[in-house]
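Protein sequences appear in the order of chains A and B. Letter by letter, the first sequence follows residues 108 to 221 of my numbering. Letter by letter, the second sequence follows residues 543 to 657 of my numbering. Down below is the structure, laid out as structure tokens.
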Amino acid sequence: QKEVEQDPGPLSVPEGAIVSLNCTYSNSAFQYFMWYRQYSRKGPELLMYTYSSGNKEDGRFTAQVDKSSKYISLFIRDSQPSDSATYLCAMSGLLGGANSKLTFGKGITLSVRP
Amino acid sequence: DVKVTQSSRYLVKRTGEKVFLECVQDMDHENMFWYRQDPGLGLRLIYFSYDVKMKEKGDIPEGYSVSREKKERFSLILESASTNQTSMYLCASSLWAGKSTDTQYFGPGTRLTVL
């Protein structure tokens, strides 16, 4: 089993839809959970960051972590064509020194149709 | 704003050539990373460095080496390029100073084609 699994997609939704993106993981040591967004021909950029379990909201975006189920989600409300991008989940355990690496999901490409 | 720059956006090389990919960050970050990104395989870590002259192998180090002589610069070296190293190469940096967050900031990527 891979450490991080992400639905491969692609995903196409109409403008205004609620989008749910998910990742599962197997490593119980993961404590830090992130979502990156990558536009075409650009590098990924951090979208949301969560430590341990719980919810975090930022505008139209909500990140959810359920450590008991080893499941994380990103919800996008009122999706816009500008949200069309590839979304990657990422996670890590202890940070610092040689532990600073992240484990990424493979990413899912989202297309929001006007 | 953090800025991570990579020496080239597009690069075409021949099989067997030695290839250097350069990455520079301007925020005094301690950690620097090299990834490759391929369709269906996602981001895979090649090497990372958590201090000057310190390096750690990632998930796919074979065929690559790295150099970090200065804090702001991290180089990826393909000693003898092969066609299976055709890929998008992404550099990233992050600050680790005893903080709980360790956001990685990515450069724009280098699309390398090996013929």
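No residue lacks a Cβ here, since even glycine has one placed at the ideal position from N, Cα and C.
- Whole angstroms is fine: what's the gap from SER624/B's alpha carbon to MET596/B's? The residue you call residue 624/B lines up with position 82 of the second sequence. The residue you call residue 596/B lines up with position 54 of the second sequence. Taking the straight line from one Cα to the other gives about 26 angstroms.
- Apart from the five residues just before and just after LYS641/B, which ones in its own chain have a Cβ nearer than 8 angstroms to its Cβ? Stepping through the second sequence from its first residue, residue 641/B is reached at position 99. Per-residue confidence for LYS641/B stands at a pLDDT of 49, beneath the threshold of 50, marking its modelled position as unreliable; no derived number is given.
- Query: Which residue's Cα is closest to the Cα of TYR589/B: TYR647/B, ALA634/B, ARG551/B, GLY651/B?
  - Reply: Residue 589/B sits at position 47 when you count from the first residue of the second sequence. Selected option, being the one with the closest Cα: ALA634/B.
- Spatial distance of TYR139/A from LYS208/A (CA atoms): Counted from its first residue, the first sequence places residue 139/A at position 32. Counted from its first residue, the first sequence places residue 208/A at position 101. So the alpha carbons of these two residues sit roughly 11 angstroms apart.
- Query: What residue ranges within the region 171 to 218 of chain A form continuous beta strand (DSSP E) runs of no fewer than 3 residues, ordered along the chain?
  - Reply: Within the region 171 to 218 of chain A, complete beta strand (DSSP E) segments of at least 3 residues are found at 178 to 183, 192 to 199, given in chain order.
- Message: Would GLN145/A and ALA192/A qualify as a contact pair, given that the criterion is a beta-carbon distance under 8 angstroms?
- Response: Counting from one through the first sequence, the residue named residue 145/A turns up at place 38. Counting from one through the first sequence, the residue named residue 192/A turns up at place 85. Taking 8 angstroms as the Cβ cut-off, GLN145/A and ALA192/A qualify as a contacting pair.
- Residues from the region 547 to 558 of chain B in contact with chain A, defined by Cβ distance under 9 angstroms: GLN548, ARG551
- What is the DSSP secondary structure of LYS560/B, reduced to helix, strand or coil? Taking the second sequence and counting its residues from 1, the one referred to as residue 560/B is at position 18. Note: LYS560/B maps to coil in three-state DSSP.
- Closer than 8 angstroms to chain A by CB, SER642/B: Along the second sequence, read from residue 1 onward, the residue named residue 642/B stands at position 100. With a pLDDT of only 46 at SER642/B, under 50, the local geometry of the prediction cannot be trusted, and no value is derived from it.
- Since PRO151/A meets chain B, which of its residues come closer than 7 angstroms, beta carbon to beta carbon? Translated into the one-based positions of the first sequence, residue 151/A becomes position 44. Listed along chain B, the residues sitting closer than 7 angstroms to PRO151/A by beta-carbon distance are PHE648.
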